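Report on one structure; see the data block that follows.
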Amino acid sequence: MSGAHSNSPTIQPSYTGLQLQTSTNALPIPIVYGINIIAPNIIWNGDFSAIPQYSHSSGGKGGGGSNPQVSGYIYQTAIIMALCEGPISTIGTVWKGQSTYSLSTMNPPASAIVAVAESSGLKPASMSLYSGTVPQAVWSYLSSAHADQAVNYPGLAYLAAPDYNLGSSGTLDVTNVEIYGVLYTSAVINAHDADPAFVIQDLLTNAQYGVGFPAASIDATTLLGGSGGASYQCYCQAAGLALSPALTNQEAAHSILARWLQLTNSAAVWSGGKLKIIPYGDTSITGSLSSGASCIFNPNITPVYDLSDDDFVHTDGEDPLKVTRTDPYAAYNIQPVEILDRGNAYA
1 MSGAHSNSPT IQPSYTGLQL QTSTNALPIP IVYGINIIAP NIIWNGDFSA IPQYSHSSGG
61 KGGGGSNPQV SGYIYQTAII MALCEGPIST IGTVWKGQST YSLSTMNPPA SAIVAVAESS
121 GLKPASMSLY SGTVPQAVWS YLSSAHADQA VNYPGLAYLA APDYNLGSSG TLDVTNVEIY
181 GVLYTSAVIN AHDADPAFVI QDLLTNAQYG VGFPAASIDA TTLLGGSGGA SYQCYCQAAG
241 LALSPALTNQ EAAHSILARW LQLTNSAAVW SGGKLKIIPY GDTSITGSLS SGASCIFNPN
301 ITPVYDLSDD DFVHTDGEDP LKVTRTDPYA AYNIQPVEIL DRGNAYA
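When we follow the numbering used here, the leftmost residue of the sequence shown carries the number 1, and every step to the right adds one.
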């Protein structure tokens with residue numbers, strides 16, 4: 001007695017739409033200063049298509065030729081991936097899954113798509129960057145194919161493709177994009193990061209995405225300034241401090257400002273009706289500003305008060321000033337620090 005055996009290939013199911021993994025309307029639009037990486041968010045997709053792939057099997061005993069059978073599908077879709085607030089300069093490396101790409105190579109046509117492109121009328125794969133200017137042109141594909149949905153997204157940097165290659169899965173790979181963002185290269189210590197003084201000024205006053213803090217209420221002499229001053233900008237540049245923050249989550253502005261100032265050894269104070277930024281540095285140091293001008297940080301270390309025992313209210317027989325110290329054995333002696341290496345894929 002002989003048994004039956006089937007050589008029919010396992011057929012992958014045909015998806016009818018993009019299997020969304022990273023699309024939400026609940027996320028804030030990120031703000032990226034300097035150079036950093038973020039994950040894009042899908043804000044539009046359409047025109048999903050499944051392109052059948054065929055295998056050929058030999059005919060039965062005594063038969064001839066071959067019988068093409070559908071063995072799977074290659075998928076593509078039109079898509080818009082929102083990045084961050086613009087305008088940005090450009091994008092750098094793109095990580096998709098375990099592979100790296102650039103803007104020109106991140107949407108390569110699959111070999112199977114190339115093979116059927118002539119007969120199916122498919123366009124060559126492409127990816128366009130809209131940098132987030134105001135105003136901003138409408139993506140031409142939307143204008144022609146979906147005029148009722150043609151939005152220009154002013155101020156939003158995004159990637160768009162009419163033929164995004166999804167491979168055989170119908171889903172997007174985990175994707176991260178390196179953004180050359182706001183104030184990129186404004187710090188003179190390298191060719192990547194942003195000047196912390198400009199970053200703070202931009203977050204507080206930018207008309208598009210800033211917190212609406214009045215520019216007139218910022219003490220410009222303590223925030224910005226060059227030779228012979230004690231400004232925050234001069235201190236950061238001379239001390240080699242620069243920032244490339246990516247603001248990706250909703251957060252109170254005062255928390256963001258406090259974190260940046262802690263990282264740059266400074267403090268914000270409200271004095272004389274204005275916001276002042278005061279570095280804690282107590283030694284003169286020299287550097288350069290982005291304008292090329294020399295920068296000499298000269299801190300003001302003159303004591304503001306000269307207090308003696310007569311200036312304190314105290315009980316007779318007791319010291320006028322008491323200091324309480326934490327037991328050294330109970331003090332923290334380990335401080336975790338996370339460093340993302342731009343030269344090692346931000347790992």
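Glycine included, every Cβ here is placed at the ideal spot set by N, Cα and C.
Given the structure is predicted, the values throughout are model-derived calculations rather than measurements.
Return the CA-CA distance between residue i and residue j, expressed in angstroms with no decimal places.
i: residue 241; j: residue 277; result: 15 Å
i: residue 261; j: residue 34; result: 17 Å
i: residue 300; j: residue 279; result: 10 Å
i: residue 55; j: residue 126; result: 28 Å
i: residue 86; j: residue 209; result: 10 Å
i: residue 137; j: residue 152; result: 6 Å
i: residue 305; j: residue 323; result: 19 Å
i: residue 358; j: residue 329; result: The chain is shown only over 1 to 347; residue 358 falls outside these bounds and no answer can be derived.
i: residue 266; j: residue 233; result: 11 Å
i: residue 196; j: residue 295; result: 15 Å
i: residue 313; j: residue 325; result: 21 Å
i: residue 148; j: residue 207; result: 29 Å
i: residue 183; j: residue 101; result: 24 Å
i: residue 316; j: residue 307; result: 18 Å
i: residue 99; j: residue 27; result: 26 Å
i: residue 264; j: residue 129; result: 33 Å
i: residue 343; j: residue 40; result: 21 Å
i: residue 310; j: residue 249; result: 51 Å
Terminal residues of the continuous beta strand (DSSP E) containing residue i?
i: residue 275; result: 274-279
i: residue 270; result: 266-271
i: residue 302; result: No beta strand (DSSP E) holds residue 302; DSSP gives it neither H nor E.
i: residue 213; result: Looking at the DSSP string, residue 213 is not in any beta strand (DSSP E), and its letter there is neither H nor E.
i: residue 318; result: Element bounds for residue 318: n/a, residue is neither H nor E.
i: residue 190; result: It is not in any beta strand (DSSP E) - residue 190 carries neither H nor E in the DSSP assignment.
i: residue 101; result: 99-101
i: residue 294; result: 294-297
i: residue 94; result: 90-96
i: residue 333; result: No beta strand (DSSP E) contains residue 333, which DSSP labels as neither H nor E.
i: residue 35; result: 35-38
Using the three-state DSSP reduction, which class does residue i fall into: helix, strand or coil?
i: residue 312; result: coil
i: residue 207; result: coil
i: residue 344; result: helix
i: residue 130; result: strand
i: residue 196; result: helix
i: residue 284; result: coil
i: residue 50; result: strand
i: residue 139; result: coil
i: residue 153; result: coil
i: residue 173; result: coil
i: residue 69; result: strand
i: residue 26; result: coil
i: residue 148; result: helix
i: residue 327; result: coil
i: residue 250; result: coil
Leaving aside the five residues before and after residue i along the sequence, list all residues of the same chain whose C-beta is less than 6 Å from its C-beta, in chain order.
i: residue 189; result: 240, 242
i: residue 150; result: 138, 142, 143
i: residue 186; result: 194, 195, 198, 290
i: residue 340; result: 346
i: residue 215; result: 205
i: residue 29; result: 85
My assumption, with CB atoms under 8 Å, is that residue i sits in contact with residue j. Please give the rounded CB distance.
i: residue 223; j: residue 201; result: 6 Å
i: residue 253; j: residue 203; result: 7 Å
i: residue 91; j: residue 180; result: 7 Å
i: residue 418; j: residue 346; result: Any answer about residue 418 is impossible in this case: the structure gives the chain only from 1 up to 347.
i: residue 238; j: residue 286; result: 6 Å
i: residue 146; j: residue 46; result: 6 Å
i: residue 70; j: residue 177; result: Their Cβ separation, rounded to whole angstroms, is 35 Å, which puts residue 70 and residue 177 out of contact at 8 Å.
i: residue 81; j: residue 42; result: 6 Å
Spatial neighbours of residue i within its chain, please: CB distance less than 8 Å, with the 5 preceding and 5 following residues excluded, ordered by chain position.
i: residue 121; result: In this prediction, residue 121 has a pLDDT of 45, which is less than 50 and means its spatial position is unreliable; what the coordinates show is noted afterwards. Within the same chain, residue 121 has no close Cβ partners at all.
i: residue 141; result: 78, 160, 162
Following the continuous alpha helix (DSSP H) through residue i, name the residue where it begins and the one where it ends.
i: residue 221; result: 220-223
i: residue 255; result: 253-263
i: residue 232; result: 232-239
Only counting the same chain, and skipping five residues up and downstream in sequence, which positions put a Cβ closer than 7 Å to that of residue i?
i: residue 97; result: 173, 174
i: residue 132; result: 85, 86, 87, 88, 155, 156, 157
i: residue 297; result: 230, 234, 235, 238, 281, 284, 285
i: residue 275; result: 217, 218, 219, 268
i: residue 288; result: 188, 237, 294, 295
i: residue 213; result: 204, 205
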